[in-house]
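A.B. asks: One structure follows; several queries about it will come next.
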Amino acid sequence: MANQERKRPVHWTDKLAEFDRRWIFLAMAIAIVTPLIKPLNLPVKPSPMVQDVFYAVDALEEGDVVFLSLDLDPASTPELEPFFKAVALHLKRKNVKMLIATTWYAAPPLVERWIAETIEQSIIGPDDKDYKGVPDRAYRKNVDFVWLGFREGREAVITSLGKSIRKTFDGTAQDGTPLDQVPIMEGIDALK
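Take any residue in the sequence shown, count from 1 to its spot, add 117: that is its number in this note's numbering.
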């Protein structure tokens, strides 16, 4: 008996290494499917920053003009696009005009797609039965919004917009239209 070796207790990490991973997949499947079958109805509480944005947009009057800098890339699109769509819907419901630009080099194709899907089309129309608010409408390019395009320089571009939008964007919209011929730009030369 003295020659018998004592068995060393099995460490928990050794047990974990031998654990059948199919149990983990089953637990994940249950965790994903359960809320789909029986929603948890957790309360949604907007953050103070979200409330500030909502109230700032809500305080705008019909015909006011706002500047949107849509700085995103493919990796951040799933996170930022719902925010942009919500803000665009709120702005469109209030008939606020938009100046749209970007200071992010990867953004122009994403912004152009977003403009085509969100700005130039109605997001929520009058036939949407689940929506109780005011429906929005399709915006017209260079009348209700202008796509100024991309400018490199981030902070320098935003600072320059406070002096002259026309100089910052070489006096033209992204499509080549002179800003002096764009109705939305009438009386607007700098951001305030």
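No residue lacks a Cβ here, since even glycine has one placed at the ideal position from N, Cα and C.
It should be emphasised that the depicted structure is a prediction, and the values quoted were computed from it without experimental measurement.
If you drop the 5 nearest sequence neighbours on each side, which residues of the same chain put their C-beta closer than 6 Å to that of H207?
C.D. replies: So the list reads V174, once near-sequence residues are dropped.
A.B. asks: What did DSSP end up calling I305 once you bin it into helix, strand or coil?
C.D. replies: Correct three-state label for I305: coil.
A.B. asks: Let me check understanding here. Comparing Cα to Cα, which of S277, G266 and P160 lies closest to P226?
C.D. replies: Ranking the options by Cα distance to P226, first place goes to G266.
A.B. asks: Excluding the 5 residues flanking R283 on each side, which residues of the same chain have their C-beta closer than 7 Å to its C-beta?
C.D. replies: For R283, where only same-chain residues beyond five positions count, the Cβ hits under 7 Å are L296 and D306.
A.B. asks: If you draw a straight line from the C-alpha of N259 to the C-alpha of A223, how long is it?
C.D. replies: Each residue's alpha carbon lies about 23 Å from the other.
A.B. asks: When the Cα of K202 is compared with those of E179, I232 and V183, which residue comes out closest?
C.D. replies: If we check each option's Cα against that of K202, I232 comes out closest.
A.B. asks: Can you name the start and end residues of the alpha helix (DSSP H) that I149 belongs to?
C.D. replies: Taken as a continuous stretch (DSSP letters only), the alpha helix (DSSP H) holding I149 covers R139 to I154.
A.B. asks: For L185, which residues does DSSP report across the bridge?
C.D. replies: The partner list for L185 (beta bridge, DSSP) reads I217.
A.B. asks: Out of T235, K214, E237 and E234, state which residue places its alpha-carbon closest to the alpha-carbon of E303.
C.D. replies: Among T235, K214, E237 and E234, the Cα nearest to that of E303 belongs to K214.
A.B. asks: Would you check if the distance between the CB atom of Y248 and the CB atom of I240 is smaller than 7 Å?
C.D. replies: No, the Cβ-Cβ distance between Y248 and I240 is not below 7 Å.
A.B. asks: What does the alpha-carbon distance come out to for the pair P163 and E196?
C.D. replies: Taking the straight line from one Cα to the other gives about 16 Å.
A.B. asks: Could you check where the beta strand (DSSP E) with D200 kicks off and where it finishes?
C.D. replies: The question names Asp, yet the displayed sequence has Phe at residue 200. Premise fails: F200 lies in the alpha helix (DSSP H), T194 to R210, not in any beta strand (DSSP E).
A.B. asks: Measure the beta-carbon distance from W221 to L185 and round it to whole angstroms, keeping in mind my assumption that it falls under 8 Å.
C.D. replies: Between L185 and W221 the Cβ distance is about 13 Å, and since that is not below 8 Å, they are no contact.
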